[in-house]
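Q: A single structure is presented below for examination.
Okay, here's the thing in structure tokens:
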């Protein structure tokens, strides 16, 4: 099994870092020539290049309502890291499915088909009301489903028409050359019955949050059965926060959430997940820049070494 | 008073010459020797460049030769300005990204977040060209089933909400099209400037919306008296509604060292227009008032290019050479500058210029025409007063 390893760029993490207005002030005797044009986006680009240089396959740009938009960040760093797959996460409430598909196709065309689509879990009612999202709680899954049907429809068929509850298209569909690129891989999340069923119908990759092995195995088996009924196959992935240090002792001193351990312990655990059938790893740690180097340099080679024999066998 | 000059990024490919209609820059035509972005290697393979690499060159040419930014148009078969702009953000320094988009296609709070994020990525170089829709079958292609006047109502509300959540941390709104409860951009985003708004549309519904929200009213070039009347009407009507409009013109140029050279390029370009192209531009259905005003020029019926000269140095057949408006300016550098000066004297506050090929012509117009501008305009303005 080939594994794909992505680094998580969390736009909300360490949110004062590289913000021109949040810089620690130097004493006047120290010359500081930084202008406001050196900013947070330079930091994002540096995280992307860190991931590229240390052997990650891609970058996952998390959706955070209180920080920069993931799709702008994804495009802004794309040309700084020309080989990385880039997966912005965004909710299905962004607007027209046709327009979202058109933007995806542009990204694919202009950046060598490196885009992934991660649909963010639906927000709570208060957050949705703040975001001008009027769709009722019970309709959210149906909206996501229609969003994907229409987006894939205008990409893959011409003429494409659809008259649904949330989107309406007549005589739609992209022409050449827009229709020559692949639709981005769709990553979905959630462990409710409806979420798993939705993934069985539409996900290319179903993402899990960190959970005990048995629980993950249960979900994977359930989803495999659902997908089989739909005549589909899908990949599995995990969003895995990490605390990796040279020794397990140092790791446990870092009181952060997430899988903690030595480089070998972390690689063991991730290899165990790979054996379960998970082959997309979205790894994240803070600070996002330095930890990309650490995990890229010390955990990735160990993980790949452990997974390689399994593939040969 | 200062006049802003923008260039245009062609988002549907470009031609190497105004004389020929083949799209040999970009991948809108089959890949052939001589094509650019993508091109062919010596072995006949795709060279790996993409159209964004060509757009990057145009943006850089425009910024170095004096344009403050460029319009990035959006149509069904173009690449998208919301993707192009952030892709080029880090490779340009002063170039402003004028993003053409239809408000109905984005959630307004999401649009505010997208825009503020792009402002942060570019150091405040985002400009909006708000389009409210050409109408007809194309709106349904986009997934938009709203009627013409409803679309303008929706645009007004969209901008109410976008500006509301941007300026106010606790913004609520209860409109016909949008509802928001306690919305607001996060502080790091909300302190960015709201992009300047360029607005189009010739109908009364459009002008009502413009009066409330627009900074610039953008028109295609029309015969000068007609355009002067239109701008006067826009300024009067929007003033009555409590708004203040600056007026802008979008116009293509064929500017050459001599007038003779300029018309020669037009003549050859006109003679190379295929019957298929003529047929395509003839009578496309639309409910856009602006498009109907341009169609009245009837360039598809002309037998000789001279029939389309509507005034000295004004030619009405540009839409045969490439998509877009019919009327453009043709002449020597001095004549082109004089025409632009006349437009300034008649109340034009900003321009979006373009020429084919967009890359080389950005340099030419920036180096040869822009430096000639302004002197005559001042004289004309004084005479007008």
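Residue numbers (the working numbering), protein chains in the order written: chain A, 361 to 673; chain B, 73 to 457.
Note that the Cβ used here is the ideal one computed from N, Cα and C, for glycine as well.
From a predicted model like this one, the values you see are computed outputs, not experimental measurements.
1) Strictly under 9 angstroms for the Cβ-Cβ distance: is residue 154/B near chain A by that measure?
2) For residue 630/A and residue 663/A, what's the separation of their Cα atoms in angstroms?
3) Could you spell out the range, first to last residue, of the beta strand (DSSP E) harbouring residue 433/A?
4) Any contact of the region 402-422 of chain B with the region 325-332 of chain B, i.e. 3+ C-beta pairs under 8 angstroms?
5) Can you list, in chain order, the residues of its chain whose CB lies under 6 angstroms from that of residue 345/B, leaving out five sequence neighbours each side?
6) Got a sec? Which residues, its chain only, sit under 7 angstroms from residue 423/A by beta carbon, not counting five neighbours each side?
7) Applying a beta-carbon distance threshold of less than 7 angstroms, which residues of chain A neighbour residue 169/B?
8) Expressed to the nearest angstrom, what Euclidean distance is found between the alpha-carbon atoms of residue 604/A and residue 657/A?
9) Output needed for residue 194/B: all residues of its chain with C-beta closer than 6 angstroms, excluding positions within five of it in sequence on either side, in chain order.
10) Please list, in chain order, the residues of the region 179-208 of chain B that have any C-beta partner in chain A closer than 7 angstroms.
11) As an exercise, report each continuous alpha helix (DSSP H) stretch of at least 4 residues that is fully enclosed by the region 493-569 of chain A, in chain order.
12) Where does residue 632/A land, buried or exposed, given buried means 16+ other C-beta within 10 angstroms?
13) With contact counted as at least three CB pairs below 8 angstroms, one residue from each stretch, are the region 634-652 of chain A and the region 364-379 of chain A in contact?
14) Is the beta carbon of residue 489/A sitting closer than 9 angstroms to the one on residue 253/B?
15) Determine the DSSP secondary structure at residue 152/B, reduced to helix, strand or coil.
16) Residues of chain B with CB under 8 angstroms from residue 639/A, in chain order?
17) Quick check on residue 233/B - is its C-beta less than 9 angstroms from some C-beta in chain A?
18) Fully enclosed by the region 142-223 of chain B, which beta strand (DSSP E) runs are 3 residues long or longer?
19) Who are the Cβ neighbours of residue 90/B in its own chain at under 7 angstroms, not counting the five residues just before and after it?
20) For residue 111/B versus residue 121/B, is the C-beta distance shorter than 9 angstroms?
21) Opposite residue 640/A in the DSSP bridges: which residues?
22) Using a Cβ-Cβ distance cut-off of 9 angstroms, determine whether residue 358/B contacts chain A.
23) Hey, out of 315/B, 237/B, 297/B, whose CA is closest to residue 271/B's CA?
24) Report the neighbours of residue 603/A on chain D: residues whose CB is nearer than 7 angstroms to its CB, in chain order.
25) Please report the straight-line C-alpha distance between residue 463/A and residue 116/B, rounded to a whole angstrom.
26) Straight-line CA distance for residue 93/B to residue 87/B?
27) Given this structure, state the Cα-to-Cα distance separating residue 178/B from residue 385/B, to the nearest angstrom.
28) Note the first and the last residue of the continuous alpha helix (DSSP H) segment covering residue 310/B.
29) From the DSSP output, which residues share a beta bridge with residue 246/B?
30) Just mark residue 614/A as buried or exposed, buried being the case when its beta carbon has 16 or more other beta carbons within 10 Å.
31) Return the first residue and the last residue of the beta strand (DSSP E) that residue 281/B is part of.
32) Take residue 221/B and list the residues in its own chain whose beta-carbon comes closer than 6 angstroms to its own, dropping the five residues that flank it on each side.
33) Is the CB of residue 364/A under 9 angstroms away from at least one CB in chain B?
34) Just curious, the alpha helix (DSSP H) that residue 448/A is in, first and last residue?
35) So, for residue 240/B: in the same chain, excluding its five sequence neighbours on each side, which residues have a beta-carbon less than 7 angstroms away from its beta-carbon?
36) Closest Cβ-Cβ distance between residue 161/B and chain A: below 9 angstroms?
A: To lay it out plainly:
1) Looking up residue 154/B in the second chain gives position 82. Answer yes: the Cβ-Cβ gap between residue 154/B and chain A drops below 9 angstroms somewhere.
2) Within the first chain, the letter at position 270 stands for residue 630/A. Within the first chain, the letter at position 303 stands for residue 663/A. Rounded to the nearest whole angstrom, the CA to CA distance from residue 630/A to residue 663/A is 7 angstroms.
3) In the first chain, counting from the first residue as 1, residue 433/A sits at position 73. Here residue 433/A belongs to no beta strand (DSSP E); instead the alpha helix (DSSP H) covers 430-438.
4) Yes, since at least three Cβ pairs between the region 402-422 of chain B and the region 325-332 of chain B fall closer than 8 angstroms, the two stretches touch.
5) Working through the second chain from its first residue, we reach residue 345/B at position 273. Within the same chain, residue 345/B has close Cβ partners 392.
6) Locating residue 423/A in the first chain gives position 63, where the first residue counts as 1. The answer, listed in chain order, is 430, 449, 450, 451, 480.
7) Position 97 of the second chain, counting from 1, holds the residue named residue 169/B. By Cβ distance, chain A contributes nothing, its closest Cβ being about 11 angstroms from residue 169/B, past 7 angstroms.
8) The sequence position of residue 604/A within the first chain is 244, counting from 1. The sequence position of residue 657/A within the first chain is 297, counting from 1. Roughly 11 angstroms separates the two Cα atoms.
9) Residue numbering aside, residue 194/B sits at position 122 when the second chain is read from its first letter. So the list reads 161, once near-sequence residues are dropped.
10) 179, 180, 181, 182, 185, 186, 189, 190, 192, 193, 195
11) 500-516, 553-562
12) Indexing the first chain from 1 puts residue 632/A at position 272. Burial call: exposed.
13) Counting C-beta pairs with one atom in each stretch, the region 634-652 of chain A and the region 364-379 of chain A have three or more that are closer than 8 angstroms, which means they touch.
14) Along the first chain, one-based indexing puts residue 489/A at 129. Along the second chain, one-based indexing puts residue 253/B at 181. Taking 9 angstroms as the Cβ cut-off, residue 489/A and residue 253/B qualify as a contacting pair.
15) The sequence position of residue 152/B within the second chain is 80, counting from 1. Here residue 152/B sits in coil by DSSP.
16) Here residue 639/A is taken as the residue at index 279 of the first chain, counted from 1. Simply none; closest approach about 28 angstroms.
17) Taking the second chain and counting its residues from 1, the one referred to as residue 233/B is at position 161. Yes, residue 233/B counts as interfacial toward chain A.
18) 168-173, 198-202
19) Taking the first residue of the second chain as 1, we reach residue 90/B at position 18. So the list reads 326, 337, 341, 393, 428, once near-sequence residues are dropped.
20) Counting from one through the second chain, the residue named residue 111/B turns up at place 39. Counting from one through the second chain, the residue named residue 121/B turns up at place 49. Yes, the pair counts as a contact, with Cβ atoms nearer than the cut-off.
21) In the first chain, counting from the first residue as 1, residue 640/A sits at position 280. The partner list for residue 640/A (beta bridge, DSSP) reads 364/A, 597/A.
22) For this step, residue 358/B is matched to residue 286 along the second chain. Interpretation of residue 358/B is limited by its pLDDT of 48, a score under 50 that renders its predicted location unreliable; the figure taken from the coordinates is listed afterwards. The Cβ of residue 358/B sits no closer than 9 angstroms to any Cβ of chain A.
23) The sequence position of residue 271/B within the second chain is 199, counting from 1. Answer by Cα proximity: 315/B.
24) Looking at the structure shown, chain D is missing, and the protein chains on hand are A and B.
25) In the first chain, counting from the first residue as 1, residue 463/A sits at position 103. In the second chain, counting from the first residue as 1, residue 116/B sits at position 44. Counting only the Cα atoms, residue 116/B lies some 30 angstroms from residue 463/A.
26) As a working note, residue 93/B is residue 21 in the second chain. As a working note, residue 87/B is residue 15 in the second chain. Those two C-alpha atoms are separated by around 7 angstroms.
27) Counting from one through the second chain, the residue named residue 178/B turns up at place 106. Counting from one through the second chain, the residue named residue 385/B turns up at place 313. Going by the C-alpha atoms only, they are around 41 angstroms apart.
28) Residue mapping note: residue 310/B aligns to position 238 of the second chain, counting from 1. First-last of the alpha helix (DSSP H) with residue 310/B: 296-312.
29) Against the second chain, residue 246/B aligns to sequence position 174. DSSP output for residue 246/B lists 251/B as bridge partner(s).
30) Here residue 614/A is taken as the residue at index 254 of the first chain, counted from 1. Result: exposed.
31) Within the second chain, numbered from 1, the residue matching residue 281/B stands at position 209. Note, residue 281/B: premise wrong, no beta strand (DSSP E); alpha helix (DSSP H) at 276-285.
32) Counted from its first residue, the second chain places residue 221/B at position 149. Once the five neighbours on either side are set aside, the close Cβ partners of residue 221/B are 277.
33) Translated into positions along the first chain, residue 364/A becomes position 4. Residue 364/A does not count as touching chain B.
34) To locate residue 448/A, count along the first chain from 1; it is residue 88. Segment 445-450 is the beta strand (DSSP E) holding residue 448/A; no alpha helix (DSSP H) there.
35) The residue you call residue 240/B lines up with position 168 of the second chain. 256, listed in sequence order.
36) Within the second chain, numbered from 1, the residue matching residue 161/B stands at position 89. So, interface residue.
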